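Numbering (UniProt numbering), first residue to last: 1 to 416.
From the three backbone atoms N, C-alpha and C, an ideal C-beta is built for every residue, glycine too.
Predicted, not measured: the structure shown is a model, and the values here were computed from it.
Comments concern the structure below.
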Ligand SMILES: *Cc1c(COP(=O)(O)O)cnc(C)c1O
């Protein structure tokens, strides 16, 4: 089927959850994707932070091929050879003690919320005064299921589904006074995306993160760090919290964990793990042989190829080049991020939309989040030459935007 027929069929048969770009990819190699008309696109989004090793990576292809010849699934009623190896790796890399495997980000976050509630229950049985409330941050994004969405800030994601999980209060981002004012013995967990992704690439301040840690320590509440987007090397360290030297009690991983296969993980320390008992939580597919084998191969590849250092080096170069643009066009753009998780804020939502579209027209994939923020989540494999391609395209688009008389870009003229 060609793109037009697929578009027509989707319009009729799919639930209308997505606004897709009119592009259909059919293959990929390295950091490039090829569309159905044979055009190659430089990918600086990696499928929203998933395809960290790009496309057609031999380590992933081999892991899939080898494991598919042995076993795909047996259920969590039996042992298989992949879980222990991966759990050992992940606990070492994150400084956590235990892992629960699942299939997506929101599932990992649900497990985190459930564990925090169950843990508070254990503390109550032991005679402590501790409630069931969660504090989450403004502009947070934790996923779409009923618990995750309850801790997600944007009203439009949450309110149509009310009542979502009760007992959540939002704290102003990086506002320590607001955090202290809202914290009490009622709170069983503080929810933090150490580097907010969907919210527009905003890092928490070290002071705020430390204050959250101290408040949790004062009552036995748990500190939950959502690293679904920022974890697994995206920021040049295995988790973003490692940049702060502050250890949460629970963390969640997903997007790049299995290099493109669906997989999530919730990790915790022994104190939190006390609350889990056989049968209390589970999943049919989570931690299956294929996902475990591929995730282990992804971690090995990141380690063996020195990719964390590469993410830091090329990520810093990328950020430096974008900051150069911000000096050239200070009235239009400002830049922030860590490693290869970078946001460029455009001063006007309509302009940001036009810029994102024009980058796609130039066959460079980025996306726009939080209305005004151009988001870059490239595969870890990008090199400086790819950064240069993207930054000069962006420079040209911004220059044309300034020259245009209206704030929005003149559609056809800017394609050149
Ligand atoms: C993407 C994301 C999620 C949700 O992950 P899904 O796999 O889409 O359910 C949760 N938290 C953060 C920080 C994310 O970026």
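Checking the sheet assignment: what are the DSSP bridge partners for residue i?
i, result
"residue 202", "196"
"residue 364", "42"
"residue 32", "29 and 42"
"residue 265", "101 and 253"
"residue 208", "Answer is none; residue 208 lacks a bridge partner."
"residue 233", "According to DSSP, which records beta bridges pairwise, residue 233 is partnered with nothing at all."
"residue 375", "343 and 367"
Under the rule that 16 or more other beta-carbon atoms within 10 Å means buried, what is residue i, buried or exposed?
i, result
"residue 103", "buried"
"residue 287", "buried"
"residue 39", "exposed"
"residue 9", "exposed"
"residue 26", "exposed"
"residue 213", "buried"
"residue 269", "buried"
"residue 392", "exposed"
"residue 249", "buried"
"residue 65", "exposed"
"residue 6", "exposed"
"residue 20", "exposed"
"residue 416", "Because the pLDDT at residue 416 is just 36, under 50, the model does not fix this residue reliably, and the value given afterwards should be weighed accordingly. Exposed, since its Cβ has fewer than 16 Cβ neighbours within 10 Å."
"residue 428", "What is shown of the chain runs 1 to 416, which leaves residue 428 out entirely."
"residue 193", "buried"
"residue 327", "exposed"
"residue 359", "buried"
Relative to ligand 1, is the shortest distance from any of its heavy atoms to the C-beta of residue i smaller than 7 angstroms?
i, result
"residue 142", "yes"
"residue 106", "yes"
"residue 342", "no"
"residue 228", "yes"
"residue 109", "yes"
"residue 255", "yes"
"residue 138", "no"
"residue 197", "yes"
"residue 193", "yes"
Can you list, in chain order, the residues of its chain whose CB lies under 7 angstroms from that of residue i, leaving out five sequence neighbours each side?
i, result
"residue 206", "244"
"residue 273", "97 and 98"
"residue 381", "30, 31, 53 and 54"
"residue 183", "135 and 215"
"residue 63", "293, 294 and 297"
Which residues in the same chain have their Cβ closer than 6 angstroms to the Cβ of residue i, if we skip the five residues on either side of it in sequence?
i, result
"residue 434", "Not covered by the structure: residue 434. The range shown for the chain is 1 to 416."
"residue 197", "229"
"residue 398", "329 and 332"
"residue 202", "196"
Within its chain, find whatever has a CB closer than 8 angstroms to the CB of residue i; leave out the 5 residues flanking it on each side and keep chain order.
i, result
"residue 121", "275"
"residue 132", "117, 120, 167, 186 and 188"
"residue 314", "340, 382, 383, 384 and 387"
Kindly provide the ranges of any beta strand (DSSP E) runs that are 3 or more residues long and lie completely inside the region 35 to 98, ordered along the chain.
40 to 43
Can you give, in chain order, each stretch of the alpha helix (DSSP H) that sits fully within the region 133 to 204 and has at least 4 residues?
146 to 150, 155 to 158 and 176 to 182
With a floor of 3 residues, list each beta strand (DSSP E) that falls wholly inside the region 294 to 360, ordered by position along the chain.
333 to 338 and 341 to 346
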